[in-house]
Structures are given as C-alpha cells and as structure tokens.
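Numbering (this note's numbering), first residue to last: 328 to 458.
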C-alpha cells in the first residue's frame, strides 16, 4: 500500500508528462490510499479543466466518479495532532501534511511530485518519477 496525493490521481486520469509514471505505479502497486481530502482537491483540479474548456462538465463528473471508485475503501481521516505537528516542523500546508500524516499512520510512503513535500519529508515522500 502507498499513499498518493491528488496530483498523482490527476496524472493517472488526465494526460500529462507524468501519466505513464502514474499508470506504471498503479500496475506495480494498485493499493492506493489517501486522506478523504483528496476528493475536494481532485474536484478542484477538474474545475480548472472545466474553466479552461479543456473538459466538459460531463467528462469531469465521470472522471470524479471513476476516481472515487478507484479509491473506495482506501480513504482515511487524518489525525489532527499529527498534521499540526508536521505543519509546525515544515513549510508545508496542513492540506499537504494530511498526506504525510496518513503515510506515517499506515507505515508507508507518499508518492507525489510536490517539491515542498519531497524536500521537507524525504523519509516519507518519494517522487512519482523515481518509483
């Protein structure tokens, strides 16, 4: 099991420079986990695509449903104390620290391309293009 952030999910569903890496990761380890926050972050990514007229409302709605199906049973609540400790000890947002907190809770790594997370938590965060 690995924790993935919302951007890794976006790379998995939306064409990008990292789509092949996200697809390969899913083949190697399809047991993905994320804090419940991922849903809102993913919706926000899709909102950007809608606003730029890159995807229609129906495409975005369908993609959200597919992603929610992929993550069913793999969503977790974050421990606020742990999140706040991570925020205290880094320059990362509370939103981003939720992913690290979950990786700690599950005893695994976070796969991300977020440079701040990779720098602040090198023992827990690994770059998508490095796995």
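By construction, the Cβ of each residue, glycine as well, lies at the ideal position given by its N, Cα and C atoms.
Practice problem: Give the DSSP-derived three-state secondary structure of residue 439 in the structure shown. | Solution: In this structure, residue 439 counts as strand in the three-state DSSP scheme.
Practice problem: Could you say which of 449, 376, 426 lies nearest to residue 342 if we only look at CA atoms? | Solution: Cα-wise, what sits closest to residue 342 is 376.
Quiz item: Apart from the five residues just before and just after residue 448, which ones in its own chain have a Cβ nearer than 6 angstroms to its Cβ?
Solution: So the list reads 427, once near-sequence residues are dropped.
Practice problem: For residue 457, name the three-state secondary structure that DSSP assigns. | Solution: Per DSSP, reduced to three states, the secondary structure at residue 457 is helical.
Quiz prompt | Cβ-based neighbour list, residue 455, same chain, cut-off 8 angstroms, excluding 5 preceding and 5 following | solution = Taken in chain order, the residues that qualify are 335, 338, 345, 348, 349, 352, 438, 439, 440.
Exercise. Give the secondary structure of residue 404 by DSSP, where H, G and I count as helix, E and B as strand, and everything else as coil.
Key: In this structure, residue 404 counts as coil in the three-state DSSP scheme.
Practice problem: Measure how close the beta-carbons of residue 330 and residue 361 come, nearest whole angstrom, since I'm counting them as under 8 angstroms. | Solution: About 6 angstroms; that satisfies the 8 angstroms criterion.
Quiz item: Apart from the five residues on each side of it in sequence, which residues of its chain come closer than 7 angstroms, Cβ to Cβ, to residue 410?
Solution: The residues are 421, 424, 425, 428.
Quiz item: Can you find a CB in chain C that lies within less than 8 angstroms of the CB of residue 405?
Solution: In the displayed structure, chain C is absent; only one protein chain is listed.
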